[in-house]
Amino acid sequence: MEVVRTLPIRMAPLPGESLDSWLEALARRLHTRYGSLLSHLGLVNQPRDNGRSGAVNWTVALSDDEASGIAHATGVNREVIHALTLARFGGRAVLIDREKRQVNRHRLWGRGAGSRYCPDCLAESCGRWQLNWRLGWSFACVRHCLLLADACPACGRLPRRYPFSRHSVPLPGVCGFRPSRELHPAAPGCGQDLARAEILRLPKEHPALTAQNLLSQSIETGTADFGQYAHLPQTCAVALSEVRAVAGRMLTSLDADGLAALVPGDVLDAHLRLVTGARPLRQEGERAGFMAPPTAAMTAVGVIAALRVLGEEDLATAARTLRPLTSTVRDGFEKSTATTVGTWGRGTGPVLRKVQLAALAASMRPSDQLRYRSAEDPAPPSAARQGQRLRRRASRLPAAMWPQWAVRLSPTRGAYPRVLAPALAAATLLVGSRISFDEAVAMLGQATDALALSRMLQMLEQTPRWETTASALTRLADYLDARPSPINYERRRSLDYTDLLSAETWAQICRDAGQHPGTGRRLRIAQCVVFTQISGTPIDHAPEFPTADQDVFRAEAERFTEVWTPRIRQALREAARAFLHRHGIRREPLTWHPQTNLLDDLDLPGRDADGIDIQRLHDLVRGRRSPTRAAAATLGLSIEAVRLALEEHPAPAQPLTPSQARALGRVSHAIRRILTEEELRRRYLDERQSAKAIADDLGVSRQTITRLALEYGIPLQRGRRSHHPVDREWLFEQYVTCRRPLPELAREMRVSTATMNRWAHDLNVPLRPRGGASHREALRPDTGSPS
Numbered sequence: 031m032e033v034v035r036t037l038p039i040r041m042a043p044l045p046g047e048s049l050d051s052w053l054e055a056l057a058r059r060l061h062t063r064y065g066s067l068l069s070h071l072g073l074v075n076q077p078r079d080n081g082r083s084g085a086v087n088w089t090v091a092l093s094d095d096e097a098s099g100i101a102h103a104t105g106v107n108r109e110v111i112h113a114l115t116l117a118r119f120g121g122r123a124v125l126i127d128r129e130k131r132q133v134n135r136h137r138l139w140g141r142g143a144g145s146r147y148c149p150d151c152l153a154e155s156c157g158r159w160q161l162n163w164r165l166g167w168s169f170a171c172v173r174h175c176l177l178l179a180d181a182c183p184a185c186g187r188l189p190r191r192y193p194f195s196r197h198s199v200p201l202p203g204v205c206g207f208r209p210s211r212e213l214h215p216a217a218p219g220c221g222q223d224l225a226r227a228e229i230l231r232l233p234k235e236h237p238a239l240t241a242q243n244l245l246s247q248s249i250e251t252g253t254a255d256f257g258q259y260a261h262l263p264q265t266c267a268v269a270l271s272e273v274r275a276v277a278g279r280m281l282t283s284l285d286a287d288g289l290a291a292l293v294p295g296d297v298l299d300a301h302l303r304l305v306t307g308a309r310p311l312r313q314e315g316e317r318a319g320f321m322a323p324p325t326a327a328m329t330a331v332g333v334i335a336a337l338r339v340l341g342e343e344d345l346a347t348a349a350r351t352l353r354p355l356t357s358t359v360r361d362g363f364e365k366s367t368a369t370t371v372g373t374w375g376r377g378t379g380p381v382l383r384k385v386q387l388a389a390l391a392a393s394m395r396p397s398d399q400l401r402y403r404s405a406e407d408p409a410p411p412s413a414a415r416q417g418q419r420l421r422r423r424a425s426r427l428p429a430a431m432w433p434q435w436a437v438r439l440s441p442t443r444g445a446y447p448r449v450l451a452p453a454l455a456a457a458t459l460l461v462g463s464r465i466s467f468d469e470a471v472a473m474l475g476q477a478t479d480a481l482a483l484s485r486m487l488q489m490l491e492q493t494p495r496w497e498t499t500a501s502a503l504t505r506l507a508d509y510l511d512a513r514p515s516p517i518n519y520e521r522r523r524s525l526d527y528t529d530l531l532s533a534e535t536w537a538q539i540c541r542d543a544g545q546h547p548g549t550g551r552r553l554r555i556a557q558c559v560v561f562t563q564i565s566g567t568p569i570d571h572a573p574e575f576p577t578a579d580q581d582v583f584r585a586e587a588e589r590f591t592e593v594w595t596p597r598i599r600q601a602l603r604e605a606a607r608a609f610l611h612r613h614g615i616r617r618e619p620l621t622w623h624p625q626t627n628l629l630d631d632l633d634l635p636g637r638d639a640d641g642i643d644i645q646r647l648h649d650l651v652r653g654r655r656s657p658t659r660a661a662a663a664t665l666g667l668s669i670e671a672v673r674l675a676l677e678e679h680p681a682p683a684q685p686l687t688p689s690q691a692r693a694l695g696r697v698s699h700a701i702r703r704i705l706t707e708e709e710l711r712r713r714y715l716d717e718r719q720s721a722k723a724i725a726d727d728l729g730v731s732r733q734t735i736t737r738l739a740l741e742y743g744i745p746l747q748r749g750r751r752s753h754h755p756v757d758r759e760w761l762f763e764q765y766v767t768c769r770r771p772l773p774e775l776a777r778e779m780r781v782s783t784a785t786m787n788r789w790a791h792d793l794n795v796p797l798r799p800r801g802g803a804s805h806r807e808a809l810r811p812d813t814g815s816p817s
């Protein structure tokens, strides 16, 4: 390599100046022809295959040797030399083939040749040219508040399309378009003073200046963090690719009226106006904006319109602006769908896809809106590790949506909670996934079916608050994916619930709470209620759920949690914990649900039950046959919200009258606490006190003491009983053998039925239970003859 000699006069480049402008100014300062200076610096044209020399655009890029030679000759740092070329913006605002020293004109609005310019900047700098004017993204001067000029006002040619004449001393700031060499071999060019070009001046805070400033900052920093990119910053190249994609669609798909709604009138008029004599680099094609626009006005229109989408921080507003481009089909474009949004342009990223999906949400099926997350954080469903992620989410989801969430998501009408809750849980699995309805239902234990899920989603989509409901389901899916759940619902769905609540445990619970245990139906209801609370599965999947009269049973189960007392609720929770412990589940809470504060900023159809005045609610439900309906009407809430509040905060039991207490066994329950088995044995057997004496001492009836003794297994003292006007043989004969009813025998003996019943108890005659199956079945345990 030939050693480059230093120049006798040195001149530093201006900030932001381009290489060719600096070299032209340097040649002018040295009073030498431009070609002589290039040759001295070692910048010679490369030979082509045909033997002719081809012009090299050194302003695009320099080799290290070339930059070192220029640095040695001029005394300017080599890195500063490289910064005078478009390579400074390489990979950010322009893509460059360094070997060919060419700009990629098909990406990032690269300009193959030529440059715009600011006349005021040229006047201030004595004709020095800024490097960023060569970028396709430069359309305005934010310093002087004007649109850049596109062409020479005299010849109409594009400045800097060709290198300055090598045979002339450069004249900075004038048009250098070379005339024919045959006519003027040494002429420097057109010679028009470009500082006199007429341009469109803009007021401060004009959208064009704001847009130019945003792009310039992103290009300088290499990162876009404005508008939609504030939530998800992207590299400058990705952001500019997305701006290009949207601007191209705007310029091609929207007519003048459509653009007028997005772009100021002065810039739009400059774009639409045909300037007489103007000859830009190329005419506007059918797909305007997909390559670098030929004019600054056209660039400004496209960028301003694109930033009305990508520069908007609110996703819903950005989606509304973009929606006209997704809802219409123009020649040369395919229809925009969730699967074709990636065809808008190369190099685009997730931010544009997010806005596109949000704009397409209105035309998507409700299931696709969940799959593409269009309501909250739109993104295409991912297949990467989908199976593992969804299995983990399913294990953290009950088969029926938590009541606390279902109350908030349920519409005022149109869906039964028992059908909607399983559908909401299955719909949560659809968020961001590609699974089918059948797969989602199967992962939660078939608590619903694909048809019901589809119908519920279609019904919800027709409600006014579907978008917020979809947002809630999306947030819930994200919450479950990001945080471990304290309950493994998948394991709980697989447990054997046949030993959940035994009859003995239920009887003891009712005895302790002073409630009647019922004849068996109430026990089955309690078993089904506890099953639902533990497993998160609908009540009709419980082992004890009947096959007949299901609606009646379900209604009674709902009423059960409406009227149960705090003592019953606590006892059933303790029985449920004991069941989980028997199955090796000790570290999980009995019940759990995600906090509903995730929904605080969403306008959902249902109201939260947390704000209910519990004391007022208890006052409203006391003594009513349909407590939830009356309370819901008074409080302006849904029945489900009131039922949930009563389930979590049961109303305390009211004081009973003496007759009610006796009917419910409260007297026996109270006396049982005072007169334990040991105490009754001591007084009745050891001290030989009569049942009546003990009853009088405690203020209860003799029958209560007798029943308590039988319950404790204490033999009654028959010898001490008073004489009866009937004997056991006659009563056994008439009642057991002849099957005569006690009321008939009482009328015959001219006594009350209660007296005859007491005589039968005293004489140890087996009595038929009320409502029993048959006389023979009632007496089967004791069929022997009287002793």
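Per the working numbering, the sequence shown starts with residue 31, numbered consecutively. Positions of the beta carbon are idealized from the N, C-alpha and C atoms, including for glycine.
- Beta-bridge partners assigned by DSSP to Tyr147: Ala179.
- For Phe590, the enclosing alpha helix (DSSP H) begins and ends at Gln580 to Val593.
- Secondary structure remark: continuous alpha helix (DSSP H) runs of at least 4 residues inside the segment 768-792, in chain order: 772-778 and 783-792.
- Gly377 and Leu483 have their C-alpha atoms some 38 angstroms from each other.
- Around the Cβ of Tyr446, a 10 Å sphere holds fewer than 16 other Cβ atoms; the residue is exposed.
- The segment 167-180 makes contact with the segment 221-231: 3 or more CB pairs, one atom from each, lie closer than 8 angstroms.
- Bridge pairing for Asp223: Val204 [DSSP].
- Between the segment 414-431 and the segment 554-567, the count of C-beta pairs closer than 8 angstroms reaches three or more; the two stretches touch.
- Under the three-pair Cβ rule at 8 angstroms, the segment 327-335 counts as touching the segment 271-283.
- DSSP places Gln399 within a helical segment (H, G or I) once states are collapsed to three.
- Considering only Gly379, Phe169 and Ser155, the residue with the shortest C-alpha distance to Ser246 is Phe169.
- Counting along the chain, Gly65 sits inside the alpha helix (DSSP H) bounded by residues Tyr64 to His70.
- For Glu618, same chain residues with a beta-carbon under 8 angstroms away, outside a window of 5 residues either side, are Pro516, Ile517, Asn518 and Leu610 in chain order.
- Counting the other Cβ atoms within 10 Å of the Cβ of Gln625 gives fewer than 16, which makes it exposed.
- The beta carbon of Arg607 is closer than 7 angstroms to those of Leu620 in its chain, skipping five residues each way along the sequence.
- Here DSSP, grouped into helix, strand and coil, assigns Ala477 to coil.
- A residue is called buried when at least 16 other Cβ atoms come within 10 angstroms of its Cβ; Ser656 does not meet this threshold and is exposed.
- Close CB contacts of Leu67 within its chain, under the 7 angstroms cut and outside five residues either way in sequence, are with Leu53, Leu56, Ala57 and Leu60 (chain order).
- Straight-line measurement puts the Cα of Arg485 at about 15 angstroms from the Cα of Met394.
- Per DSSP, reduced to three states, the secondary structure at Gly120 is strand.
- Boundaries of the alpha helix (DSSP H) harbouring Met328: Ala326 to Leu340, taken from the DSSP string.
- For Met431, there is no enclosing alpha helix (DSSP H), since its DSSP letter is neither H nor E.
- Exclusion of the five residues before and after Gly121 leaves Ala267 as the residues of its chain whose Cβ lies within less than 8 angstroms of its Cβ.
- Secondary structure of Gln416 (DSSP, three-state): helix.
- Distance check between Asp398 and each of Gln476, Asp508 and Glu497 places Glu497 closest, using alpha-carbon atoms only.
- For His648, the enclosing alpha helix (DSSP H) covers residues Ile644 to Val651.
- Remark: three or more beta-carbon pairs, one from each stretch, lie closer than 8 angstroms, so the segment 101-108 and the segment 35-47 are flagged as touching.
- When the Cα atoms are used, Asp570 and Asp479 turn out to be separated by approximately 14 angstroms.
- In terms of Cα proximity to Ala123, the closest of Asn162, Arg131 and Ala405 is Asn162.
- Membership of Lys722 in the alpha helix (DSSP H) is indicated by the continuous run Ala721 to Leu728.
- In the DSSP assignment, the residues bridged to Cys171 are Leu176.
- Note that the C-beta distance between Ala392 and Ala405 is not below 8 angstroms.
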